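Chains as they are written, first to last, in this note's numbering: chain P, 18 to 582; chain S, 18 to 582.
Glycine included, each C-beta is placed from N, C-alpha and C at the ideal position.
Predicted, not measured: the structure shown is a model, and the values here were computed from it.
There are 2 protein chains.
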Amino acid sequence: MAKRNGGGPATAESMASKQRDISVSEFFLKNRHLLGFDSPRRALLTAVKEAVDNSLDACEEGGILPEIAVELEQTAETRFRVTITDNGPGIVKNQIPKIFAKLLYGSKFHRLRMSRGQQGIGISAAGMYGQLTTGAATRILSRIKGAQVAHAMSVQIDTRQNKPAILSDTEQDWLPTFLPVNAEGQPEGDPVVSRHGTSVSIEMEAAYQRGRQSVDEFVKQCAIVNPHLSLHYRMTLITKADPKAKADATPAAPATVCVTYHRAIKLMPKIPDEILPHPHGVELGMLMQMLKDTESRTVRSALSSDFSRVSAQTALDICERAGIEPKTNPTRIAHQQSEALYKAIQGTKLMRPPTDCLSPIGEAQILAGLQKELRADFFTAVTREPAVYRGNPFQIEIGLAYARPQENEGLGNEEPVRVMRFANRVPLLYQGGACAMTKAVVGVNWKSYGLAQPKDALPLGPVVMLVHMASVWVPFTSESKDAIAGYAEIIDELTLGLQECGRRLSVFLHKRHHELEAARKRSYIEMYIPHLALGLKDILQLSDKEEDKVVTDLKKMLEKTHLDV
Amino acid sequence: MAKRNGGGPATAESMASKQRDISVSEFFLKNRHLLGFDSPRRALLTAVKEAVDNSLDACEEGGILPEIAVELEQTAETRFRVTITDNGPGIVKNQIPKIFAKLLYGSKFHRLRMSRGQQGIGISAAGMYGQLTTGAATRILSRIKGAQVAHAMSVQIDTRQNKPAILSDTEQDWLPTFLPVNAEGQPEGDPVVSRHGTSVSIEMEAAYQRGRQSVDEFVKQCAIVNPHLSLHYRMTLITKADPKAKADATPAAPATVCVTYHRAIKLMPKIPDEILPHPHGVELGMLMQMLKDTESRTVRSALSSDFSRVSAQTALDICERAGIEPKTNPTRIAHQQSEALYKAIQGTKLMRPPTDCLSPIGEAQILAGLQKELRADFFTAVTREPAVYRGNPFQIEIGLAYARPQENEGLGNEEPVRVMRFANRVPLLYQGGACAMTKAVVGVNWKSYGLAQPKDALPLGPVVMLVHMASVWVPFTSESKDAIAGYAEIIDELTLGLQECGRRLSVFLHKRHHELEAARKRSYIEMYIPHLALGLKDILQLSDKEEDKVVTDLKKMLEKTHLDV
Numbered sequence: 018m019a020k021r022n023g024g025g026p027a028t029a030e031s032m033a034s035k036q037r038d039i040s041v042s043e044f045f046l047k048n049r050h051l052l053g054f055d056s057p058r059r060a061l062l063t064a065v066k067e068a069v070d071n072s073l074d075a076c077e078e079g080g081i082l083p084e085i086a087v088e089l090e091q092t093a094e095t096r097f098r099v100t101i102t103d104n105g106p107g108i109v110k111n112q113i114p115k116i117f118a119k120l121l122y123g124s125k126f127h128r129l130r131m132s133r134g135q136q137g138i139g140i141s142a143a144g145m146y147g148q149l150t151t152g153a154a155t156r157i158l159s160r161i162k163g164a165q166v167a168h169a170m171s172v173q174i175d176t177r178q179n180k181p182a183i184l185s186d187t188e189q190d191w192l193p194t195f196l197p198v199n200a201e202g203q204p205e206g207d208p209v210v211s212r213h214g215t216s217v218s219i220e221m222e223a224a225y226q227r228g229r230q231s232v233d234e235f236v237k238q239c240a241i242v243n244p245h246l247s248l249h250y251r252m253t254l255i256t257k258a259d260p261k262a263k264a265d266a267t268p269a270a271p272a273t274v275c276v277t278y279h280r281a282i283k284l285m286p287k288i289p290d291e292i293l294p295h296p297h298g299v300e301l302g303m304l305m306q307m308l309k310d311t312e313s314r315t316v317r318s319a320l321s322s323d324f325s326r327v328s329a330q331t332a333l334d335i336c337e338r339a340g341i342e343p344k345t346n347p348t349r350i351a352h353q354q355s356e357a358l359y360k361a362i363q364g365t366k367l368m369r370p371p372t373d374c375l376s377p378i379g380e381a382q383i384l385a386g387l388q389k390e391l392r393a394d395f396f397t398a399v400t401r402e403p404a405v406y407r408g409n410p411f412q413i414e415i416g417l418a419y420a421r422p423q424e425n426e427g428l429g430n431e432e433p434v435r436v437m438r439f440a441n442r443v444p445l446l447y448q449g450g451a452c453a454m455t456k457a458v459v460g461v462n463w464k465s466y467g468l469a470q471p472k473d474a475l476p477l478g479p480v481v482m483l484v485h486m487a488s489v490w491v492p493f494t495s496e497s498k499d500a501i502a503g504y505a506e507i508i509d510e511l512t513l514g515l516q517e518c519g520r521r522l523s524v525f526l527h528k529r530h531h532e533l534e535a536a537r538k539r540s541y542i543e544m545y546i547p548h549l550a551l552g553l554k555d556i557l558q559l560s561d562k563e564e565d566k567v568v569t570d571l572k573k574m575l576e577k578t579h580l581d582v
Numbered sequence: 018m019a020k021r022n023g024g025g026p027a028t029a030e031s032m033a034s035k036q037r038d039i040s041v042s043e044f045f046l047k048n049r050h051l052l053g054f055d056s057p058r059r060a061l062l063t064a065v066k067e068a069v070d071n072s073l074d075a076c077e078e079g080g081i082l083p084e085i086a087v088e089l090e091q092t093a094e095t096r097f098r099v100t101i102t103d104n105g106p107g108i109v110k111n112q113i114p115k116i117f118a119k120l121l122y123g124s125k126f127h128r129l130r131m132s133r134g135q136q137g138i139g140i141s142a143a144g145m146y147g148q149l150t151t152g153a154a155t156r157i158l159s160r161i162k163g164a165q166v167a168h169a170m171s172v173q174i175d176t177r178q179n180k181p182a183i184l185s186d187t188e189q190d191w192l193p194t195f196l197p198v199n200a201e202g203q204p205e206g207d208p209v210v211s212r213h214g215t216s217v218s219i220e221m222e223a224a225y226q227r228g229r230q231s232v233d234e235f236v237k238q239c240a241i242v243n244p245h246l247s248l249h250y251r252m253t254l255i256t257k258a259d260p261k262a263k264a265d266a267t268p269a270a271p272a273t274v275c276v277t278y279h280r281a282i283k284l285m286p287k288i289p290d291e292i293l294p295h296p297h298g299v300e301l302g303m304l305m306q307m308l309k310d311t312e313s314r315t316v317r318s319a320l321s322s323d324f325s326r327v328s329a330q331t332a333l334d335i336c337e338r339a340g341i342e343p344k345t346n347p348t349r350i351a352h353q354q355s356e357a358l359y360k361a362i363q364g365t366k367l368m369r370p371p372t373d374c375l376s377p378i379g380e381a382q383i384l385a386g387l388q389k390e391l392r393a394d395f396f397t398a399v400t401r402e403p404a405v406y407r408g409n410p411f412q413i414e415i416g417l418a419y420a421r422p423q424e425n426e427g428l429g430n431e432e433p434v435r436v437m438r439f440a441n442r443v444p445l446l447y448q449g450g451a452c453a454m455t456k457a458v459v460g461v462n463w464k465s466y467g468l469a470q471p472k473d474a475l476p477l478g479p480v481v482m483l484v485h486m487a488s489v490w491v492p493f494t495s496e497s498k499d500a501i502a503g504y505a506e507i508i509d510e511l512t513l514g515l516q517e518c519g520r521r522l523s524v525f526l527h528k529r530h531h532e533l534e535a536a537r538k539r540s541y542i543e544m545y546i547p548h549l550a551l552g553l554k555d556i557l558q559l560s561d562k563e564e565d566k567v568v569t570d571l572k573k574m575l576e577k578t579h580l581d582v
């Protein structure tokens, strides 16, 4: 059999001849589990997630109330066509190939502003996975505002070079169209037609399965945390001919899931601002790079114009503290001077980073979302004040719902609580065990709030917790963006939010317990007071009116004594 | 404060203007937790690990018994200089900058052959982290076989372009030199001097801490699974002046760890062969790419010369099955034809991939390693036959040691067993919870082998398990290469290996239990037989000699009766 290496040990020269570049596409193709494409079921979810993230980001940036259609159509036993259509602002023609067929390309990586996408990998990776498993191209339709036609393109990735290859490029008369359905999956009302938008369609090896990690669950949770979103979901399976059915029987209708999540509010979430890096989050090497790249002519102005929270006066103070002439050309700073500057910055008190780059869901919206989703006795939500990790502003939100055990399926007193995780309004369905959010829930002492909790485990009880992290940069544990890395500052904020909800839950449980006790005592009092009053009436010779007064007084007194304990 | 985005919603055009390339260095700089640089402590370990992996790979490829020095020197409160020196074949000058200052560059990614490194990221990432946190360059010294001098270079990454920047480039009279020390850390014997080798030195923000996830532990485990390695480890801390000490007292000597792990065997591990991809592990998209790239002129010869386990006859069969003329030019195959070819390949029975690309540790070596490391009553090891996941050959090895509880510190009957994980002979110290190896250990029913085991948890007991996966491509869950993804085929093999060790442990525990019981009974018998014999002697009027015979006979009889149960 042919082998590529010769016999004998290698030398420095023979090893040098084998060194070569590895394209980032080749790297992720071989490591596709890093991107969330390790199994056919997860691949389907990941593709939907990446496309929906992009659509929502585009609509919100364009100031458009999002209308999104998610369609899954089974095309062969192990294949699906995934099509996501939005009413966003559309994509200009020359950007289409790079956005959909080049890894590490995008507009969100280099800015500090909260968005769902951040890496410039997701949708191209989904296309690359489709290409790998079916050989098919990614098909895009896009119409920008005011355009007469839509562009239709088919693209693939040249994985050797991480470059797009355009297979077809035509114009087409297309308008994004959305079909609302009612609870029975029947068409309801007129189709919604937009004058602009984008549709991306990928055929891939995939498997559909209901459950906690399904596309069904993803779109449902998307609707919960994005109340301004209208989402139309359709999933169609090929129905296998029943081997027991007669040959001449009419084939059964295809298995279909068809649902519209209507928007609950017509208010767009606040469009977050882009911010400049905060000096305390910038490491020495990064500071040196920024000074090299700055457009400012002096160190002082570089500090005040390239960073947030540095005024001209503060910049002067920092220079003085570092022993650097403020008018020095920043590109001519030596290594030792940068270190002095770095230390001076670290030693300077600064305001925390601005937080208008964040757009939290909000306590009222979280409560509304949970109440829509769950029947429960008690709801609460906390939006924490923004905090900072490694210079990145972030904000934690927690929602909690408690139901009596019998009222919610699958939520028993003996079952672990359910934790729904979200990052920048995106549901996270995989790798819960590796996520800082799960770790924070486990780390809180829930026994003190009235829930049972085995050692080092989730608490038990009929509870759903919603956990959300909003940040300009969410530190995911892998490129598939399923779990959040456990930075201490993030765990701390999560813990504080969870504890606040825990305290409120504890008050509720305590009060309910108290009310039940009080009701028990009241019935006891009410049972005996009339007899007592009758006895008193006889002994003291009271009139009926006086007897009534005695009953009332006794009730008041006894209730006060017993119930105010 | 200055902000970079203007007001108002974005349009397709304004969004297009913000799209840009993201360099892979920028990506990993921002996501450095993916590479294992999220905390100063872990960063130190990751840097050592990446450098040692490279040194071991280079020595083995060059057929050289490895001699490696690992030096950690604290240079400031939060800084260390990490220097790894080897006696490998050295690196030719023009390759040095790319190998140490460019991500995704290397010789190991594109071949199918077992090695420690595989991504072409590690050592450059360590240098990039050093550069980010201290601004310092990576310093390399390398001398190749037969060269008169060594090359000395300082390099940094231009992260915007993922390209090396050479800061200095000189020649130097340098020979890699290694200083063995004895158990007390005192120099022992002559220094070992090599005529060739490489030394890489990186200064970085780091923290040293002893324990299960320390560099100390890493080098120790390295020595266990690489018995042909001599490793010299030296760690030096700055000693802080004791604030309580008198000002005029002489400062204490710096805290130092200094140890040599001598090689146990002078035999090199088998140098694994490089193999061609196995057809059953190649997906449709990859097949299409391979047909496009082949140097063969016909489909038939492309199949037989670019894949393993495809003979000329098999190639002919595949073409026939796919309905493709065997002499077709492979670059002119249409999409549908590729699909037919793909299906034909999947439907053809082929030998499993060749396994001479793997170099397992071996049962004897695992036993030797464990016995060197641990005092225990029972040792066993299993090297499974090679298996295949996604076309990649892999091989699982398990070692197990059982000690009586009191004999090994920290290994109690009530404590979880300790799992030592290795991939291609590299110790894995982080993210145990996310690793397929841990999941496989948890998934085995250890109760049936005599160990206690809480639900969904590691078994309890004074047990150390060594788990090793050797493969041409280890599917790590992240670029930091700490945990293995849970492909079903891998979990299955792990489980079978663990169960085999479990059965052997069970036999041992059962036998020991039996022996203890027998000893108990024997002492019981021995206690009463003399009295019985004395009684018989009186009743039957036996002589002393007859009494002795009775005692012996009774012992034999009773032992036989009681112990053969």
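Inset, instruction - Starting from F117 of chain P, follow the alpha helix (DSSP H) in both directions and report where the run begins and ends. - result: For this step, residue 117 of chain P is matched to residue 100 along the first sequence. I113 to A118 is the extent of the alpha helix (DSSP H) around F117 of chain P.
Legend entry - Every unbroken beta strand (DSSP E) inside the segment 477 to 506 of chain S [3 residues or more]: 480 to 488
Inset, instruction - Please classify Q203 of chain S: is it buried, with 16 or more other beta-carbons within 10 angstroms of its beta-carbon, or exposed? - result: Stepping through the second sequence from its first residue, residue 203 of chain S is reached at position 186. When all chains shown are included, Q203 of chain S counts as exposed.
Legend entry - Reference C336 of chain S, options S:E312, S:G364, S:K309 and S:T311, closest by Cα: As a first step, residue 336 of chain S is located in the second sequence; it is residue number 319 there, counting from the start. Per the C-alpha coordinates, the member of S:E312, S:G364, S:K309 and S:T311 positioned closest to C336 of chain S is S:G364.
Legend entry - Three-way DSSP call (helix, strand, coil) for M305 of chain P in this model: Taking the first sequence and counting its residues from 1, one reaches residue 305 of chain P at position 288. Three-state result, M305 of chain P: helix.
Legend entry - chain P within 8 Å of Q148 of chain S, Cβ atoms only: One-based indexing of the second sequence puts residue 148 of chain S at position 131. Closer than 8 Å: yes.
Legend entry - Inter-residue spacing [alpha-carbon to alpha-carbon] between V443 of chain P and S376 of chain P: By 1-based counting over the first sequence, the position of residue 443 of chain P is 426. By 1-based counting over the first sequence, the position of residue 376 of chain P is 359. Between V443 of chain P and S376 of chain P, the C-alpha separation is close to 13 Å.
Legend entry - DSSP bridge partner residues for A93 of chain P (one or two, in chain order): The residue you call residue 93 of chain P lines up with position 76 of the first sequence. Its beta-bridge partners are P:R96.
Legend entry - Rounded separation between L384 of chain S and L477 of chain S - CA only: Translated into the one-based positions of the second sequence, residue 384 of chain S becomes position 367. Translated into the one-based positions of the second sequence, residue 477 of chain S becomes position 460. About 22 Å.
Legend entry - Buried versus exposed call for T256 of chain S [16 or more other C-beta atoms within 10 Å across all chains shown]: Residue 256 of chain S sits at position 239 when you count from the first residue of the second sequence. Burial call: exposed.
Inset, instruction - Look at the Cβ atom of V458 of chain S, then the Cβ atom of L515 of chain S, and state whether they are nearer than 8 Å. - result: As a position in the second sequence, residue 458 of chain S is number 441, starting the count at 1. As a position in the second sequence, residue 515 of chain S is number 498, starting the count at 1. Judged by beta-carbon spacing, L515 of chain S lies within the 8 Å limit of V458 of chain S, meaning their Cβ atoms are closer than that value.
Inset, instruction - Consult DSSP for T365 of chain S and reduce its assignment to one of helix, strand or coil. - result: Within the second sequence, residue 365 of chain S is the residue found at index 348, counting from 1. The three-state reading of DSSP puts T365 of chain S in coil, since its state is none of H, G, I, E or B.
Inset, instruction - Can you have a look at R37 of chain S and say buried or exposed, based on whether 16 or more other CB atoms are within 10 angstroms of its CB? - result: As a first step, residue 37 of chain S must be located in the second sequence, where it is residue number 20. Exposed, since its Cβ has fewer than 16 Cβ neighbours within 10 Å.
Legend entry - Run of the alpha helix (DSSP H) containing D584 of chain P, from where it starts to where it stops: Outside the displayed range of chain P (18 to 582) lies residue 584 of chain P, so it cannot be described from this structure.
Inset, instruction - Express the C-alpha separation of I282 of chain P and M77 of chain P in angstroms, rounding to a whole number. - result: Working through the first sequence from its first residue, we reach residue 77 of chain P at position 60. Working through the first sequence from its first residue, we reach residue 282 of chain P at position 265. Met is not the amino acid found at residue 77 of chain P; the sequence shown has Glu there. Looking at the two C-alpha atoms, the distance is approximately 14 Å.
Legend entry - Host beta strand (DSSP E) of I183 of chain P (start-end): Position 166 of the first sequence, counting from 1, holds the residue named residue 183 of chain P. Taken as a continuous stretch (DSSP letters only), the beta strand (DSSP E) holding I183 of chain P covers K180 to Q189.
Inset, instruction - From the DSSP output, in three-state form, read off Q516 of chain S for me. - result: Stepping through the second sequence from its first residue, residue 516 of chain S is reached at position 499. Helix.
Legend entry - Interface residues of chain S facing T494 of chain P [CB-CB closer than 8 Å]: For the purposes of this step, residue 494 of chain P is taken as the residue at position 477 of the first sequence. Simply H50, L51 and S495.
Legend entry - Residue burial classification, N111 of chain P (beta-carbon count within 10 angstroms, cutoff 16): Position 94 of the first sequence, counted from the first residue, corresponds to residue 111 of chain P. Exposed, by the Cβ-count rule.
Inset, instruction - On a CA-only basis, which of P:P181, P:C239, P:Q306 and P:V109 is nearest E390 of chain P? Give me that one, please. - result: Locating residue 390 of chain P in the first sequence gives position 373, where the first residue counts as 1. For the residues P:P181, P:C239, P:Q306 and P:V109, the minimum Cα distance to E390 of chain P belongs to P:C239.
Inset, instruction - For the alpha helix (DSSP H) holding C76 of chain P, just list the boundary residues, first then last. - result: Your numbering for residue 76 of chain P matches position 59 in the first sequence. Note, C76 of chain P: alpha helix (DSSP H), P57 to E78.
Inset, instruction - Give the residues of chain S in contact with T345 of chain P, contact being defined as C-beta atoms less than 8 Å apart. - result: Position 328 of the first sequence, counted from the first residue, corresponds to residue 345 of chain P. Those within 8 Å of T345 of chain P in chain S number zero; the least Cβ separation is about 17 Å.
Legend entry - Where the segment 193 to 206 of chain S meets chain P: residues whose CB sits under 8 Å from a CB there: Answer set for the segment 193 to 206 of chain S: empty.
Inset, instruction - State yes or no: is the beta carbon of A270 of chain P nearer than 8 Å to at least one beta carbon in chain S? - result: By 1-based counting over the first sequence, the position of residue 270 of chain P is 253. Note that A270 of chain P scores a pLDDT of 47, beneath 50, so its modelled location is shaky and nothing firm can be said.
Legend entry - Exposure label - E414 of chain P; buried when at least 16 CB within 10 Å: Against the first sequence, residue 414 of chain P aligns to sequence position 397. So E414 of chain P ends up on the buried side.
Legend entry - A29 of chain P versus A418 of chain S: straight-line alpha-carbon distance, rounded: Start at 1 with the first residue of the first sequence, and residue 29 of chain P comes out as number 12. Start at 1 with the first residue of the second sequence, and residue 418 of chain S comes out as number 401. Using only the alpha carbons, I get a separation of about 41 Å.
Inset, instruction - Take the Cβ of L533 of chain P as the centre, count every other Cβ of all protein chains shown within 10 Å, and call the residue buried at 16 or more, exposed below. - result: As a first step, residue 533 of chain P must be located in the first sequence, where it is residue number 516. With fewer than 16 Cβ atoms within 10 Å of its Cβ, L533 of chain P is classed as exposed.
Legend entry - Contacts around E564 of chain P, its chain only, beta-carbon distance under 7 Å, and the 5 residues preceding and following it disregarded: Translated into the one-based positions of the first sequence, residue 564 of chain P becomes position 547. A distance below 7 Å between beta-carbons, with the five flanking residues on each side excluded, links E564 of chain P to the following residues of its chain, in chain order: A550 and K554.
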